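Enquirer: Dropping a structure here in structure tokens format, bear with me for questions.
In mature numbering (1 follows the signal peptide of the UniProt record, and there is no 0), the protein residues as written are -19 to -1, 1 to 463.
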């Protein structure tokens, strides 16, 4: 039976007079697209992989140049859905098959926030917030789930590994990843295995499902929230046949170009359905690119001028392309104001006239005045970064401060923060001025130790909040006591 939540704190305030006046919202979340991958951020055609549709979207709304996320797929998705630091949801680590990480049953998601305001809600594509029932999109405020990728696309490689290990076919079939969809009562059903072959088809199916939903909901009386969880460019970046070899740099570029085309399909559907003027479109990446992940022929992602990649706490992992379009309400422009993925929750709450939960810490801040052009300054000047439940960096203004050093493990240069190991620093943290030194190669602790005062204050405030609102116990795969 589908759980029904009563959320008395999600009430309307100073909003639109009725549901029809509220804007539709379409959120497109790309997977592992770096700051240096798109034409709108200085790449695209320059790097042999033109992105005209995403570039056009960026030119028609506000393009953020200092949009910050969390260092991995699952943590960023949790932050986006809840407006909270990922450890508060127990999701500070990337979910992999066989681990018990899951979105907490009592979390309030964007799906539930929008349902409280009379919206129809749909989630299509990659979820990656846990496979347990309490985490299903249909148990977290979404009316339906289509072309559901519950895990990550690298799980399409598991079948081959299990076969080489001699596991029986019945065991392989039971444990290999699938494509999931919701039934009439919200239960999820596995509609097909998520195989290497289907990896090439999944992006087209996600786009087709999104187009169909937009066409249907445009005729309905209630506004809609649509989440589109793209799977590109996550490794293995395999594309539909018509995009194979389309770029000049190999499979990664092909995946970027398919992602651009699929984005265009969704944008065209919004326009054709006649709802463009009353639809907010948000496009962003969940984390930076992983330019050292996978075989050489699959590499190609770039995080632009910044060092770091998926899985660590450097700027290249955390600063991503992001843009918001709302015709007639958001003037086309570029903003270098600091904004984070956590801010989307309270910002959209303000726009649709919903109150955010008052019974838990919300780490995002309302940036609606910035987005709508009423002010140029951000309400944010800091962000704490976690790996698991551990504080590994603090961004304050133009400074990033590290209490630890990240070291890649032998043979695995990718994801130094998650797949490598961390060394404690003695005495003082490392301090880098991101604006002066985008690659974070010059430790300025000798001249910028004064930044340790706000650093300690931010950490102290976060730790103080845990006294009243402790985090769920973090999933741990490497320490077992004794």
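In this text, a Cβ means the ideal position worked out from N, Cα and C, and glycines have one as well.
Model, not experiment: these values are computed from the prediction.
Could you name the residues of the same chain whose beta carbon sits closer than 6 angstroms to that of residue 119, not counting the 5 residues immediately before and after it, in chain order?
Expert: Closer than 6 angstroms at Cβ, skipping near neighbours: 126, 163 and 167.
Enquirer: Starting from residue 107, trace the beta strand (DSSP E) both ways and give me its first and last residue.
Expert: 101 to 107
Enquirer: If the criterion is Cβ atoms closer than 7 angstroms, does the pair residue 124 and residue 90 meet it?
Expert: no
Enquirer: Below 8 angstroms CB to CB, which residues in the same chain sit around residue 358 once its five sequence neighbours on both sides are set aside?
Expert: 318 and 351
Enquirer: Skipping 5 residues on each side, what residues in its chain have a beta carbon closer than 7 angstroms to that of residue 474?
Expert: Not covered by the structure: residue 474. The range shown for the chain is -19 to 463.
Enquirer: So residue 18 and residue 188 are supposed to be a Cβ contact under 8 angstroms. How far apart are they, rounded?
Expert: About 19 angstroms separates the two Cβ atoms, so there is no contact after all.
Enquirer: Which residues in the same chain have their Cβ closer than 7 angstroms to the Cβ of residue 133, if we skip the five residues on either side of it in sequence?
Expert: 54, 109 and 215
Enquirer: For residue 437, does the count of other Cβ atoms within 10 angstroms reach 16, so buried, or fall short, so exposed?
Expert: exposed
Enquirer: What is the residue span of the alpha helix (DSSP H) that residue 429 lies within?
Expert: 426 to 429
Enquirer: Going by DSSP, name the residue or residues bridged to residue 260.
Expert: 5
Enquirer: Does residue 356 come out as helix, strand or coil in the three-state DSSP assignment?
Expert: coil
Enquirer: Counting along the chain, where does the beta strand (DSSP E) carrying residue 386 start and finish?
Expert: 385 to 388
Enquirer: Count the other CB atoms, across all protein chains shown, that sit within 10 Å of the CB of residue -10; report buried if there are 16 or more and exposed otherwise.
Expert: Residue placement at residue -10 cannot be trusted, given a pLDDT of 43 that sits under 50; the coordinates are not used to answer.
Enquirer: Between the C-alpha atoms of residue 242 and residue 186, what's the straight-line distance to the nearest angstrom?
Expert: 13 angstroms
Enquirer: Taking 8 angstroms as the limit between beta carbons, can you name the residues of its chain near residue 457, skipping five residues before and five after?
Expert: 369
Enquirer: According to DSSP, what are the bridge partners of residue 366?
Expert: 374
Enquirer: Distance check for residue 64 and residue 453, CA to CA, integer angstroms please.
Expert: 16 angstroms
Enquirer: Drop a sphere of 10 angstroms on the beta-carbon of residue 459, count the other beta-carbons inside from all chains shown, and report buried for 16 or more, exposed for fewer.
Expert: Only exposed fits residue 459, as fewer than 16 other CB atoms lie within 10 angstroms of its CB.
Enquirer: When we look at the beta-carbon of residue 448 and count the other beta-carbons within 10 Å, is it buried (16 or more) or exposed?
Expert: exposed
Enquirer: Can you tell me whether residue 111 is buried or exposed, with buried defined as 16 or more other CB within 10 angstroms of its CB?
Expert: buried
Enquirer: Using the C-alpha atoms, what's the distance from residue 342 back to residue 253?
Expert: Separation of residue 253 and residue 342 (C-alpha to C-alpha, rounded to the nearest whole angstrom) is 40 angstroms.
Enquirer: How is the alpha helix (DSSP H) around residue 47 delimited, first residue to last?
Expert: Not the alpha helix (DSSP H): residue 47 falls in the beta strand (DSSP E), residues 43 to 49.
Enquirer: Once DSSP output is grouped into helix, strand and coil, what is the label at residue 403?
Expert: Per DSSP, reduced to three states, the secondary structure at residue 403 is strand.
Enquirer: Is there contact here, the segment 302 to 312 with the segment 401 to 412, by at least three beta-carbon pairs under 8 angstroms?
Expert: Short answer: they don't touch.
Enquirer: In whole angstroms, what is the alpha-carbon distance linking residue 38 and residue 116?
Expert: Residue 38 and residue 116: Cα-Cα distance of roughly 31 angstroms.
Enquirer: Which whole-angstrom value describes the C-beta separation of residue 301 and residue 361, a residue pair presumed to lie in contact below a C-beta threshold of 8 angstroms?
Expert: Their Cβ separation, rounded to whole angstroms, is 15 angstroms, which puts residue 301 and residue 361 out of contact at 8 angstroms.
Enquirer: Please list, in chain order, all residues of the same chain as residue 290 whose beta carbon is under 7 angstroms from its beta carbon, the five residues on each side excluded.
Expert: 269, 270, 271, 272, 273, 284, 297, 298 and 395
Enquirer: Give me the Cα-Cα distance between residue 303 and residue 315, rounded to the nearest whole angstrom.
Expert: Cα to Cα, residue 303 sits roughly 11 angstroms from residue 315.
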